[in-house]
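Protein chains in written order, with this note's numbering: chain C, 190 to 952; chain D, 9 to 161.
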Amino acid sequence: MEQKEYQSINKSVRKKDAMQLLLGKPVYVDDVVPGKPLVVKLLRSPHANAIVQEIRCETAKKVPGVVDIFTWEDVPSNRFTIAGQTYPEPSPYDRLIIDRHVRFSGDVVAIIAAETEKAALKAMKLIKVSYQVLDAVLDFRTAKDNPVLVHPEEDWFPPCEVGGSNKRNLVASDVSSHGDVEAVMASCDVVIDNTYHTKAFNQAMMETFRTYTELDRYGRLHVISSTQIVFHCRRILSRALGIPKSQIRVEKPRIGGGFGAKQSAVCEVYPAFVTMKTGRPAELVYSREESQIAGSPRHEMEIHVRLGANKDGRIRALDLYTLSNTGAYGEHGPTTVGLSGHKSIPLYSSGLEAYRFGYDVVYTNLQAAGAYRGYGATQGIFAVESAVNELAEKLGIDPTVIRDQNMVKEGMTMPAYYNETASACALDRCMEHCRKMFHWEEKYPVRDMGNGKVRAAGVAMAMQGSGIANVDVGSATIKLSEDGTYNLLIGAADMGTGCDTILAQMAAECLDCRVEDVAVFGADTDASPYDSGSYASSTTYVTGKAVEKACGEMKKKICAVAAQMLDCDAGELLFEGKQVRRLGTEQSVSLTDIAYRTQVCSTESATVTGTHSSPVSPPPFMVGMVEIELDKLTGQVTVLDYMAVVDCGTPINPALARIQAEGGIVQGIGHTLMENVTYNSNGRPMESSFMQYKLPTRLDMGKLHVEFENSYEPTGPFGAKSIGEIVINTPAPALAHAIYRATGVWHRELPITPEQIALSLPE
Amino acid sequence: MTMEIKLKLNGKILCGQIEPDCLLIDFLREHGCYSVKRGCETSNCGLCTVLMDGKPVLSCSILAARADGRDVQTLEGLQAEAEDFVGFIADQGAEQCGFCNPGFVMNTIALLRENPDPTDDEIRAFLAGNLCRCSGYEGQLRGIRNYLNSRKG
Chain C
190 MEQKEYQSIN
200 KSVRKKDAMQ
210 LLLGKPVYVD
220 DVVPGKPLVV
230 KLLRSPHANA
240 IVQEIRCETA
250 KKVPGVVDIF
260 TWEDVPSNRF
270 TIAGQTYPEP
280 SPYDRLIIDR
290 HVRFSGDVVA
300 IIAAETEKAA
310 LKAMKLIKVS
320 YQVLDAVLDF
330 RTAKDNPVLV
340 HPEEDWFPPC
350 EVGGSNKRNL
360 VASDVSSHGD
370 VEAVMASCDV
380 VIDNTYHTKA
390 FNQAMMETFR
400 TYTELDRYGR
410 LHVISSTQIV
420 FHCRRILSRA
430 LGIPKSQIRV
440 EKPRIGGGFG
450 AKQSAVCEVY
460 PAFVTMKTGR
470 PAELVYSREE
480 SQIAGSPRHE
490 MEIHVRLGAN
500 KDGRIRALDL
510 YTLSNTGAYG
520 EHGPTTVGLS
530 GHKSIPLYSS
540 GLEAYRFGYD
550 VVYTNLQAAG
560 AYRGYGATQG
570 IFAVESAVNE
580 LAEKLGIDPT
590 VIRDQNMVKE
600 GMTMPAYYNE
610 TASACALDRC
620 MEHCRKMFHW
630 EEKYPVRDMG
640 NGKVRAAGVA
650 MAMQGSGIAN
660 VDVGSATIKL
670 SEDGTYNLLI
680 GAADMGTGCD
690 TILAQMAAEC
700 LDCRVEDVAV
710 FGADTDASPY
720 DSGSYASSTT
730 YVTGKAVEKA
740 CGEMKKKICA
750 VAAQMLDCDA
760 GELLFEGKQV
770 RRLGTEQSVS
780 LTDIAYRTQV
790 CSTESATVTG
800 THSSPVSPPP
810 FMVGMVEIEL
820 DKLTGQVTVL
830 DYMAVVDCGT
840 PINPALARIQ
850 AEGGIVQGIG
860 HTLMENVTYN
870 SNGRPMESSF
880 MQYKLPTRLD
890 MGKLHVEFEN
900 SYEPTGPFGA
910 KSIGEIVINT
920 PAPALAHAIY
930 RATGVWHREL
940 PITPEQIALS
950 LPE
Chain D
9 MTMEIKLKLN
19 GKILCGQIEP
29 DCLLIDFLRE
39 HGCYSVKRGC
49 ETSNCGLCTV
59 LMDGKPVLSC
69 SILAARADGR
79 DVQTLEGLQA
89 EAEDFVGFIA
99 DQGAEQCGFC
109 NPGFVMNTIA
119 LLRENPDPTD
129 DEIRAFLAGN
139 LCRCSGYEGQ
149 LRGIRNYLNS
159 RKG
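This is how it looks when you write it as structure tokens:
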């Protein structure tokens, strides 16, 4: 492992925007919108599956202040996807801006543009719609080959072949395997065979979906949106609206959280359509209810696991089948499901003789799912890690020891992870470190507190990826200024995670300057170099490498100019941060002079763009352990301590890495213990506000403690992998394990609420 | 139909014409107080916390008319008091996306005015109504704790 002393890397520097954010400066979409744009509101279907037979807007349009109302008759007929993915997208083109066929309770029926919110809401009540209500597919277990089709339309179009067919309610389907699963399974001493169910959890970022649009000084569509994907968003708008990309500019200001929700263009098309139709600035701000019922939540999945092992605990075969519910539209459906197997099975690469992983992704008449931190791995890891815990308990082997025995280790090939090699893997050290820190030996035994409460512990491991191998593209442009400072332009979107800062740390390290000397700008399709966007745990690993490349080229360029100025060969020069010196002499030129030189009679610009893509996606690894106190009378679970050790390669900024881990763990605790998703008879989520959808508060998460075991990823910038997503994956299996320890009952469906626990206990 | 209110906003007397159903949060944002954020519509998230006569209130759940004759403060008016401690939270990276920051900073100001030396549990309890989806809360607590320790010298 490489251990270097860095100047800016592996340092907990403050986020560049920290003080602006903490002091409440106006930096988000709704703060920076100029003047009074048209207020855009959406009339939504009350039915899960229906055809709009007649829609009458005459009365509504007469409301003073209403500028226009648009229905299915007004929009282009080009189907598109709102999934923010690299073209050609694996997600099917199955949407129109407004479709006459509404496919979930909450689907858009009309777009209202008005001078005020009041006028828009008044008009909404006056639109008369008659629906032909159709039977709906509300149970995803019955969706495949159901006679009721969610997408019967002939122009349904998958840009990639992913095994789907709209005539079967199937978005994607596949099976992959290695070795003979059935034969190995048959020779195992023990087979754990269970089904696990996770729900359509909401990202619940504090800033709901929102977009502002206007025509700019050149008459182009200028979009200011809370998005993780400015370039994909431009492409999506171009297709949906039928206008060239040269006529669209998408930028993001600061973003109030995303977690993947804003990796889909959930709301951008509506105000954009209004601006194109009316020529006027328009803004759409989703209410919390809209974000809850018409957003882009996690894919509900049911995962059938068969795990074969020997009595000594050796895990020999894993067989997974995932049924994934993409809801009414297919955004991220074909891709999230893959992670449920490909990012859970490889954890046990050590002695695994065979695996099989099959899946179906189905349409239903429920809210469409999207991308959410963890992206399918979270669901798969809940299933596989729970099965491993069940195995350990069944065999009477310490569940941390059974993992020592079977876990992937550095240098191993991972057949279920596209045969990639674990080139940097400290999972074994994470386990050892966490066991000590947590005092596993003391906490694993169940302790009856004598007051109706029991204390117990649980454990889980996790992995994720770092970017999408052979797909994601990161770019960075670095510019030298006259005073020897730099501008770093990126197309990745800092959604609060701090990527602007960590990319500046990398630039500062490369260019031997202070982090303050690197001004970061991102992201804007007019100004930023192309980047796939901030998702798939890609920014540190992929865009970071692009920064490294760009800075390397910048140094060469600086030296080339200096060579002209000193009239020598560039090979004789040494880059020293503030100046360039001729080796073995005192001759030097300052960065300032070099920068000015490029501005006078120069054919050399002081600008470099670096671009990177990776053929591999090195997994970060993690171990999480939780201690709970469970009230046997009420079923209430109190999280006492959550401890975790993460291997993210080199943490570029340990403070920010720690916050990522802590935040991810608390989201995971929320999904496991309190955030529920249930539906009314029309398939509309009951938990449509924070009154019902219970996010963890400061009182619900116990004490967190996160530490790191560094590995060094040779293909990453400064040895870094990723951290953003993996951290959400351990709480569900670890908590389900602890609850089993406390009660003797395995809960295989999330969330595990006090009611469910209490009802599961013997009288 | 409008009505007139007169209040003190961040130390300045302000007269405003409002509709009777105007919420305080919308009135404040209309008057340039962009720090005040809406995170829910159900009084659950704490993002819109402001001080009214020195007490923390949820501006999404109060009619602007109720501010008539009162003294309202937003983060725009309490920059110096906030700067005193928010740097410690920045050192933890616990501001994250920042959208919840103004609300919880306002409530922390209220806490520290009421209880200048709170325990960790008192901090958790006082700020329990301020949701944050990014940070996992622990870093915010560490920041406030470091600030309190620094004051003790």
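Where a beta carbon is used, it is the ideal one built from N, C-alpha and C, also for glycine.
Under DSSP, T402 of chain C forms a beta bridge with C:V412 and C:A471. In this structure C142 of chain D is buried. Its beta-carbon is surrounded by 16 or more other beta-carbon atoms within 10 angstroms. Remark: C-beta atoms of A735 of chain C and G654 of chain C do not approach each other more closely than 8 Å.
Listed in chain order, the beta strand (DSSP E) elements of length 3 or more contained wholly in the segment 37–85 of chain D are 57–60, 63–66 and 79–81. Classified as exposed, Y407 of chain C has fewer than 16 neighbouring CB atoms from the shown chains inside 10 Å of its CB. With respect to chain C, the C-beta atom of Y42 of chain D has a partner C-beta closer than 8 Å. For N109 of chain D, the closest of D:S43, D:M9, D:P28 and D:L22 by C-alpha to C-alpha distance is D:S43. The DSSP-derived three-state label of E12 of chain D is strand.
From the beta-carbon of A923 of chain C, no residue of chain D is found nearer than 8 Å; the closest lies around 15 Å away. Linking D220 of chain C to A73 of chain D through their CA atoms gives a straight-line distance of about 23 Å.
As the crow flies, the alpha-carbon of P433 of chain C is around 10 Å from that of R409 of chain C. The beta carbon of L17 of chain D sits no closer than 8 Å to any beta carbon of chain C. K20 of chain D sits in a strand when the DSSP states are folded into three classes.
Look at the beta carbons and you see the segment 524–531 of chain C not touching the segment 303–310 of chain C: under three pairs across the two are nearer than 8 Å. At a cut-off of 8 Å, the C-beta of P215 of chain C has a neighbouring C-beta in chain D.
For S803 of chain C, there is no enclosing beta strand (DSSP E), since its DSSP letter is neither H nor E. Counted as a single uninterrupted DSSP element, the alpha helix (DSSP H) harbouring D99 of chain D occupies residues Q87 to Q100.
Looking at the backbone, the Cα of L584 of chain C and that of Q825 of chain C are separated by about 28 Å. In its chain, beyond the 5 residues on either side, Y607, E609, S803, P804, V805 and S806 have a beta carbon closer than 8 Å to the beta carbon of A658 of chain C. M652 of chain C sits in a strand when the DSSP states are folded into three classes. At least one C-beta of chain D is nearer than 8 Å to the C-beta of F879 of chain C. Here G151 of chain D carries a helix assignment [DSSP, helix/strand/coil].
Residue contact check for T589 of chain C against chain D: no CB pair falls below 8 Å. Contact between the segment 202–209 of chain C and the segment 683–701 of chain C is present: 3 or more CB-CB pairs across the two stretches fall below 8 Å. For I287 of chain C, same chain residues with a beta-carbon under 8 Å away, outside a window of 5 residues either side, are F259, T260, W261, D263, V264, V297, V298, A299 and I300 in chain order. The beta carbons of N554 of chain C and F293 of chain C sit closer together than 8 Å. Under a 10 Å Cβ-count criterion, S533 of chain C is classified as buried, with 16 or more other Cβ atoms of the shown protein chains found around its own Cβ. Put simply, the CB of Y155 of chain D is far from chain C, with every gap to its CB atoms at 8 Å or more.
Annotation for V526 of chain C: the continuous alpha helix (DSSP H) segment containing it runs G522 to H531. According to DSSP, H386 of chain C shares a beta bridge with C:E491 and C:E938. Annotation: Cβ neighbours of A207 of chain C in chain D (cutoff 7 Å, chain order): A98 and E103. Counting only unbroken stretches of 4 or more residues, the alpha helix (DSSP H) elements lying wholly within the segment 216–274 of chain C are 218–221 and 247–250, in sequence order. For M395 of chain C, the CB contacts under 7 Å within the same chain, skipping 5 residues up- and downstream, are G445 and G446 in chain order.
Excluding the 5 residues flanking it on each side, D128 of chain D has same chain C-beta neighbours closer than 8 Å at L149 and R153, in chain order. Contact between R443 of chain C and V750 of chain C is absent: CB atoms are separated by about 35 Å, not below the 8 Å threshold. With fewer than 16 other Cβ atoms from the protein chains shown falling within 10 Å of its own Cβ, D378 of chain C counts as exposed.
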